[in-house]
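Protein chains in written order, with the numbering used here: chain L, 1090 to 1391; chain X, 20 to 274.
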């Protein structure tokens, strides 16, 4: 379907806009999630958000669709889980801390949804989402989140860069890595809460991991990595929604499969470059200067 | 004024506890501007903890660490860690890692992009890595990585430089080049505090030596190094290897 076709139907236009905004947010956050090895934490927060959504949807403001208040309550709950992970990481292995928090919040969510007769149907909606049900409220929140995330990255760019390289060295250089970690987790929490209706919590983690992983395969500088991650993420969103529109595949899985296809292409390119060319070369890395010639060239005489 | 006249670091009665254990106890130390201080001691003697305490990365139980006493401006400190916790798939190039060091968390005015790039190029050349600038950081050898971290620390135009065993895994020529560079930095007024296990190298290059094993066993000019004090510092280490009566000649080699 052409762009005009999308614009003919309001829900399709909203789906496209929501998908692109979500892709930008995830593309901007993904490199930091991957470089700081927070993929499991991001996945855990996505699952934990079920607990928050259950509290918001069922206990605080019951209704067919989540309202702004429900979203806010769900966000607060997920932030509490993120803080719990940060606290437990000081006493347990970091992956165990994530595991403990997310399964507990996940279990709480299922318990609440089941006990209030919002069982399987509602749970399925939360788990898998539906891009076509995106409302102006979600688009507005995603738009604001996109601007906020971009602003945070601009303001904290140097600190984030130093933090991804080595935490202790960054601390020695004056970077508050604790603040950055908490801030990143809060942004991830906000993203997963808003995106739940769109792609569902199960596929949310893929959008936070795949774009950054592709960027890491191809880029040699931080800004190219973030640009590539965002570009791939937006491309996958547009391609996924288009594929979904032409077939019976829901938009969420279609977007994730498109991003996975991009990862395979990036991996194949990297392996081919290693095989046929310089093993250390990256597609977007500045190349080292060529070594000086051992002796000066003899001038050519006519 | 002689460059060594100004005190840049004053440590008084420093005690550090980690995990309920006393790691450092009652350390008093003064370091002057432009001085090259070599810090020696056995494994587990608290050398790295001492550097981390100087950087404010570990809490101190008692005592005081004062950088640039009497001066309004806090000093800029460059740090070269023993190793970095970097994943083997870390994608950024050596140049990108170097430029990360140009943090805005310093106190100087913001530097123009071109000026920064020029300085980065000059530093890459100074540490002999100008031809490796475009390679991924993880593809550099251990010695090259340490030299790059030194360049990263120098990009911050530090007043003091703390280096944790930068000569580990570096060949003899590389060690000589590194020490020559550090001595040159001393001439330029940068204070250098270097932790190393390489006693002959450090005692021949440093202005002063501090022997640290939980506490400061000896501290003085390198040429006044007392072999007995060195033996006391390393007593546990020597006992571990069954050496109870070390020969004086071994210690004298340090001088």
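We put the beta carbon where it would ideally sit given N, CA and C, even for glycine.
Chain-order list of chain X residues neighbouring residue 1309(L): 110, 111, 112, 115, 153 and 155, by C-beta distance under 8 Å.
Contacts with chain L at 8 Å (Cβ-Cβ) include residue 103(X).
No Cβ-Cβ contact shorter than 8 Å links residue 148(X) with residue 135(X).
In this structure, the beta-carbon distance from residue 116(X) to residue 183(X) does not fall below 8 Å. With fewer than 16 other Cβ atoms inside 10 Å of its own Cβ, residue 63(X) counts as exposed. Taking 8 Å as the threshold, the shortest C-beta distance from residue 1268(L) to chain X does not fall below it. Residue contact check for residue 196(X) against chain L: no CB pair falls below 8 Å.
By a beta-carbon distance limit of 8 Å, residue 186(X) contacts residue 220(X). Their separation comes to about 7 Å.
Within the region 1115-1141 of chain L, the residues whose Cβ lies closer than 9 Å to any Cβ of chain X are, in chain order, 1124 and 1126.
For residue 1115(L), the enclosing alpha helix (DSSP H) covers residues 1099-1124. With respect to chain L, the C-beta atom of residue 120(X) has a partner C-beta closer than 8 Å. Around the Cβ of residue 170(X), a 10 Å sphere holds 16 or more other Cβ atoms; the residue is buried. Secondary-structure assignment with DSSP links residue 55(X) through a beta bridge to 211(X). Residues of the region 1178-1206 of chain L whose Cβ lies closer than 9 Å to any Cβ of chain X: none. In terms of Cβ geometry, residue 1218(L) and residue 1266(L) do not form a close pair [threshold 8 Å]. For residue 81(X), the enclosing beta strand (DSSP E) covers residues 81-86. Within 10 angstroms of the beta-carbon of residue 35(X) lie 16 or more other beta-carbons, which makes it buried.
Within chain L, the residues whose beta carbon sits less than 8 Å from that of residue 100(X) are 1255, 1257, 1258 and 1261, listed in sequence order. Closer than 9 Å at the C-beta level to chain L, one finds no residue of the region 208-238 of chain X.
Between the region 1164-1171 of chain L and the region 1105-1116 of chain L, the count of C-beta pairs closer than 8 Å stays below three; the two stretches do not touch.
Neighbours of residue 1314(L) across chain X, judged by C-beta separation under 7 Å: 110. Classified as buried, residue 1317(L) has 16 or more neighbouring CB atoms from the shown chains inside 10 Å of its CB. The Cβ neighbour count for residue 1230(L), taken over all protein chains shown within 10 Å, is at least 16; the residue is labelled buried. Across the structure, residue 103(X) and residue 1357(L) are spaced so that their CA atoms are roughly 29 Å apart. Taking a beta-carbon distance threshold of 8 Å, residue 1251(L) counts as an interface residue toward chain X. In this structure, the beta-carbon distance from residue 238(X) to residue 229(X) falls below 8 Å. Against chain X, the beta carbon of residue 1305(L) has neighbours under 9 Å at 108, 109 and 110, listed in chain order. In the three-state scheme derived from DSSP, where H, G and I count as helix and E and B as strand, residue 1322(L) is classed as helix. When 7 Å is used as the limit between beta carbons, residue 74(X) is near these residues of chain L: 1261, in chain order.
Residue state for residue 137(X) is assigned as helix, using DSSP reduced to three classes.
In this structure, DSSP gives residue 187(X) a state outside helix and strand, which the three-state scheme calls coil.
Under the three-pair Cβ rule at 8 Å, the region 1133-1152 of chain L counts as touching the region 1160-1168 of chain L. Three or more beta-carbon pairs separated by less than 8 Å link the region 1275-1293 of chain L to the region 1124-1138 of chain L, which places the two stretches in contact. Taking the Cα positions, residue 1225(L) is about 30 Å away from residue 1128(L). Fully enclosed beta strand (DSSP E) runs of no fewer than 3 residues occupy 26-37 and 40-51 of the region 23-51 of chain X, in order along the chain. Closest in alpha carbon position to residue 94(X), among 175(X), 223(X), 216(X) and 43(X), is 175(X).
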